[in-house]
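2 protein chains.
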Amino acid sequence: MGWRRNGHKPALVGMAGPPTLWARKLEKVCGARGFGVFQRRDFCVTPTSAQEVMLTCERYAVQRLPFAEVSEQDLAFFERVLPGRVSTDPHELKAVNIDWLKMVRGCSKVLLKPKTTSEVSQILRYCNERNLAVSPQGGNTGMVGGSVPVFDEIVLSTALMNQVLSFNAISGTLVCQAGCVLEQLSQYVEERDFIMPLDLGAKGSCHIGGNVATNAGGLRLLRYGSLRGTVLGLEVVLADGLVLDCLTSLRKDNTGYDLKQLFMGSEGTLGIITAVSILCSQKPKVVNVAFLGCPGFSEVLQTFSTCKGMLGEILSAFEFMDDRCMQLVESHLRLSSPIKENPFYVLIETSGSDARHDEEKLTNFLERVMDSGLVTDGTVATDNTKIKMLWALRERITEALSCDGYVYKYDISLPVEKLYDLVLDIRSRLGESAKSVVGYGHLGEPRGRLHLGGRPQLPGCWRPSPVAVGRQQRSVAPNRPARRRTSSATASPPRPSCSCSASRPCWTPGAS
Amino acid sequence: MGWRRNGHKPALVGMAGPPTLWARKLEKVCGARGFGVFQRRDFCVTPTSAQEVMLTCERYAVQRLPFAEVSEQDLAFFERVLPGRVSTDPHELKAVNIDWLKMVRGCSKVLLKPKTTSEVSQILRYCNERNLAVSPQGGNTGMVGGSVPVFDEIVLSTALMNQVLSFNAISGTLVCQAGCVLEQLSQYVEERDFIMPLDLGAKGSCHIGGNVATNAGGLRLLRYGSLRGTVLGLEVVLADGLVLDCLTSLRKDNTGYDLKQLFMGSEGTLGIITAVSILCSQKPKVVNVAFLGCPGFSEVLQTFSTCKGMLGEILSAFEFMDDRCMQLVESHLRLSSPIKENPFYVLIETSGSDARHDEEKLTNFLERVMDSGLVTDGTVATDNTKIKMLWALRERITEALSCDGYVYKYDISLPVEKLYDLVLDIRSRLGESAKSVVGYGHLGEPRGRLHLGGRPQLPGCWRPSPVAVGRQQRSVAPNRPARRRTSSATASPPRPSCSCSASRPCWTPGAS
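The listed protein sequences correspond, in order, to chains A and B.
What the first sequence shows, in our numbering, is residues 1 to 512, in sequence order.
What the second sequence shows, in our numbering, is residues 1 to 512, in sequence order.
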């Protein structure tokens, strides 16, 4: 369910004694390193075809810890607990051993598909007693290699834990199992006039449990806030099988320490999330999207300030991208810009309850920014098809970037006023060695989120300047749709011959 | 900084070894009891005058743990660290030993007033080594007895830690010391066109550190969400003096476990919050308040549903109160209802960016609910003075309740559709033994929050039905303004002669 900060996500079971947990906790907090298999293992992003993905344990000098190996007796036990839902089929296992970016590969020989919390608990208790390593997996849409085994860990998939447990149509509280696919939950609540508080490109495949385990942000953060506020409760199974029931539906619950927060963003290292209680918002009646061109990044920032003041409560998204992003989506995906060429583009979404009011606010805002020269060109969409077309220009940048060559992607938080300096600095530093260095992302946060993507001329030759990268906030959210997986795999280049030290590849991958 | 779930807030230092901490944590999570001094100590609410407050250690059979007593050498050390900011003045100590409701009293002999995190760290490290107990204190506005010592703990006040450290006018991120008074922070950010994400009746006295330590909710929760989403970072000093720097300003930070969440709502039991980073929202340009009368609670709920649909993004508060609440504020505080008598009253606040749009939305909504009979009478205020007058009817119910007799107050979360049944059940159960049983609170949450207040005819004779009380969510938030403290103290009745067992008083107090 994601990649840990300083290296591979450890297998859950068998490492879960309190001292180890606390050591890992400290490692996370203090950035300490040197915990054996948990040492920092930077590596190249190498989108190769499935059959060519090198085993993680061959590519990196990671050592398997002394876990037991799965025996026939173990399989028999699993089969008793999960009749017909224990797989050792090599074809089925191939899919769960390789991450979506096809950069890491485990060699698990067992896939377990529980349907209930009780089954998860029985499996973990047994594995803990038998010293068998377990790797939890949701939709396997993560882009940082954390959702697949490193060695032969048992893959515990939440795919069959896909039941909605309850929905309160007055409060909008949805309680569901962890394996529910985000898009299916969205459809479920939208039929009831609500929307999920998060939306991601990967919604067609990603599981709500994985979203929570990786503390995914997504496109609705500006309006509906983070999962830390909208997730009301969790049910989690710990490594020894203990079920921690924090599945409250209270928005504010001060009856004890808020333990569930520890599991959000912990990426399966503390336990397996089995159920989620989440607060859905009333579905907005009207949505508008404006796509605008700006002459410079300073104007993008001023447009953002003006926008916050004039659109206020109806503003639901503010995204930006530079001209090179537009060139990439135009050339590789044959999308076309609806406006003339500009150094920067801005996508603004409004969501409100009154079409005329929203249109008036948007019109007044557009007049202001056009008159003041902050914006030189723009278009507005109100119907759903056109809105999706405009969103595609922003959402598919990642896909366009990966259409040829090797891609390094980072998800970085910086003060908005300094956000784009990083792209200029990296561009200047890399010079001719990179085909392109692009910047795009959200401005609707206290600090802007920059998706820095680059395509080097030669694979494996970048080394980031720690100063330039600054405070890196790696997103571990699964954020690519399943429908694009095939095309990306088809278009993927051959495995690179990395020019760096084999044991110390060259850059930490980020998410897009 | 609040009262713990199962009894007195423990002194921080000297109890802070990991096993004890984990025992207390489990106690909180599992509701387990029997940890010596941490046993459940229910008691009566007894608003008596200052000189009559019985010592907590005399009223309840709590035992002082074997902490050291403050010596002359200790005082000399404190004086070196905090020159001129160590008080042993009995008059000054009286104020910090007694809680605002005047129901519990400690007998601390030392008050320390650090100005910096480093000073807090030095004090805690020293006290930890010397085995001296410490009780942290913010604005001492809490209503559940948790902000004052139980025995002779050293009171560590955050009153002089009142500096704004930074404010980012683009993102709205405020970083300040824990002792900043909420109202002063509100004024500070409002001058910069932002508002604090929380508002409380006690804002004139309460400290932001105490707000966070008690995970205060308040009147803006519906629109701006809980502190779990808006608090971006914390700086905390642990019991051994270690400074935990989680003072990030990132809205989403996935670089490790979100440890700061553990301190939110932990009421000083895990450490002392010394600084807070909090996300402020853009100040709304227009605020309207409607005060409406409804014929029944069912109509209150339907008004709420209609309101959410028609006011949508501009809805910022939805409060209700019953007719007995109105009678109390009218008779005791000489406030007058602006509308005719109704079984229920609703206060709706809207906050938006366009006066005409908001007025139109509100008008359409009011026409709908009046035409459909959900609302039988109402008034709308747009200017600040009238808005404050309408809010006073709701905000001062607690004050009115405490004007005569003994008051038991609870802050309860229940599904909104069942919310008022509890008041009816309690009323029926208590019959003539209670002067009044009232219900009021927020509906703008997934589950409604009911403030249940009652005045028994005889003090100390109520025993709640566990079934009726259901899931009790005690608010430990300080939520009374300092300006009302004097009048309440003046009007307070004599100490009751509780008819219950002296060692097991009769009811757990809640907050209003």
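By construction, the Cβ of each residue, glycine as well, lies at the ideal position given by its N, Cα and C atoms.
Check: Starting from LYS308(A), follow the alpha helix (DSSP H) in both directions and report where the run begins and ends.; Outcome: 297-311
Check: Quick one: list the residues of chain B neighbouring LEU262(A), beta-carbon separation under 9 Å, in chain order.; Outcome: TYR257, ASP258, LEU259, GLN261 and LEU262
Check: Count the CB pairs spanning the region 167-177 of chain A and the region 141-150 of chain A that are closer than 8 Å, and state whether there are at least three.; Outcome: no
Check: In the structure shown, what three-state DSSP assignment does ALA355(A) receive?; Outcome: helix
Check: For a contact defined as C-beta to C-beta under 8 Å, what are the partners of VAL416(B) on chain A?; Outcome: ILE170 and SER171
Check: Just checking: is the beta-carbon of ARG228(A) within a distance shorter than 8 Å of some beta-carbon in chain B?; Outcome: yes
Check: Along the region 232-249 of chain B, what residues have a CB closer than 9 Å to any CB found in chain A?; Outcome: LEU232, LEU244, CYS246, THR248 and SER249
Check: Cα-Cα, which of LEU132(A), THR158(A), ASN384(A) and GLN63(A) is closest to ASP74(A)?; Outcome: LEU132(A)
Check: Over what stretch of residues does the beta strand (DSSP E) that includes TYR408(A) continue unbroken?; Outcome: 408-414
Check: Based on DSSP bridge pairs, tell me the residues matched to ARG105(B).; Outcome: ILE98(B)
Check: Could you tell me which chain B residues have their CB closer than 8 Å to the CB of MET196(A), listed as they occur along the chain?; Outcome: Near MET196(A) there are no residues of chain B at all, since even the closest Cβ is about 15 Å away, more than 8 Å.
Check: What number of angstroms, rounded off, separates the C-alpha of LEU422(A) from the C-alpha of THR116(B)?; Outcome: 34 Å
Check: Helix, strand or coil: how does DSSP classify GLN63(B) here?; Outcome: coil
Check: Evaluate GLY460(A) with the Cβ neighbour count: other Cβ atoms within 10 Å of its Cβ, from every protein chain shown; 16 or more gives buried, anything less gives exposed.; Outcome: Note that GLY460(A) has pLDDT 35, beneath the 50 cutoff, so the model's placement of it is unreliable and the number below is only indicative. Flag for GLY460(A) reads buried.
Check: For HIS207(B), is the classification buried or exposed, using 16 other Cβ atoms within 10 angstroms of its Cβ as the cut-off for buried?; Outcome: buried
Check: With a threshold of 8 Å between beta carbons, is GLY352(B) in contact with chain A?; Outcome: yes
Check: Which stretch, first to last residue, makes up the alpha helix (DSSP H) that contains TYR224(B)?; Outcome: 221-224
Check: When the Cα of PRO284(A) is compared with those of GLY271(A), ARG220(A) and GLU330(A), which residue comes out closest?; Outcome: ARG220(A)
Check: Between the alpha carbons of ARG130(A) and ILE278(A), how many angstroms are there, rounded?; Outcome: 35 Å
Check: Label ASN384(A) either buried or exposed according to how many other C-beta atoms from any shown protein chain fall within 10 Å of its C-beta, with 16 as the threshold for buried.; Outcome: exposed
Check: Judging by CA-CA distance, which residue of THR255(A), ASN215(A) and GLU267(A) is the nearest neighbour of MET264(B)?; Outcome: THR255(A)
Check: With the cut-off set at 8 Å, would you say VAL276(B) and VAL212(B) are in Cβ contact?; Outcome: yes
Check: Use the C-beta contact count for GLU119(B): other C-beta atoms within 10 angstroms, 16 or more gives buried, fewer gives exposed.; Outcome: buried
Check: Would you list, in chain order, the members of the region 288-312 of chain B that have their beta-carbon closer than 8 Å to a beta-carbon of chain A?; Outcome: LEU301, SER305, LYS308, GLY309, MET310, LEU311 and GLY312
Check: In chain B, which residues lie with their C-beta within 8 Å of the C-beta of GLY441(A)?; Outcome: The premise fails here: GLY441(A) is roughly 12 Å from chain B at the closest Cβ pair, so nothing lies under 8 Å.
Check: In terms of alpha-carbon separation, which member of LEU292(A), LYS361(A), SER372(A) and GLY218(A) lies closest to SER337(A)?; Outcome: LEU292(A)
Check: So if DSSP puts PHE318(B) in a beta bridge, which residue, or which two residues, is it bridged to?; Outcome: ILE348(B)
Check: Should GLU395(B) be labelled buried (16 or more other beta-carbon atoms within 10 Å of its own) or exposed?; Outcome: buried
Check: Give me whichever residues DSSP pairs with HIS332(B) in a beta bridge.; Outcome: DSSP, once it has assigned bridges, lists no residue as partnering HIS332(B).
Check: Is the Cβ of LYS361(B) closer than 8 Å to any Cβ of chain A?; Outcome: yes
Check: Hey, out of GLY172(B), LEU362(B), GLY218(B) and PRO295(B), whose CA is closest to GLY309(A)'s CA?; Outcome: GLY172(B)
Check: Can you pull the chain B neighbours of HIS357(A), defined as C-beta to C-beta under 8 Å?; Outcome: ASP354, HIS357, GLU360 and LYS361
Check: Leaving out the 5 sequence neighbours to the left and right, which residues in its chain are closer than 7 Å to TYR188(A) when beta-carbon positions are compared?; Outcome: VAL164
Check: For the alpha helix (DSSP H) holding VAL70(B), just list the boundary residues, first then last.; Outcome: Element bounds for VAL70(B): n/a, residue is neither H nor E.
Check: Compare the C-beta of SER372(B) against all C-beta atoms of chain A and say whether one is closer than 8 Å.; Outcome: no
Check: Using a Cβ-Cβ cutoff of less than 6 Å, which residues in the same chain neighbour VAL289(B) once the five nearest sequence positions on both sides are dropped?; Outcome: GLU349, ALA381, ILE387 and LEU390
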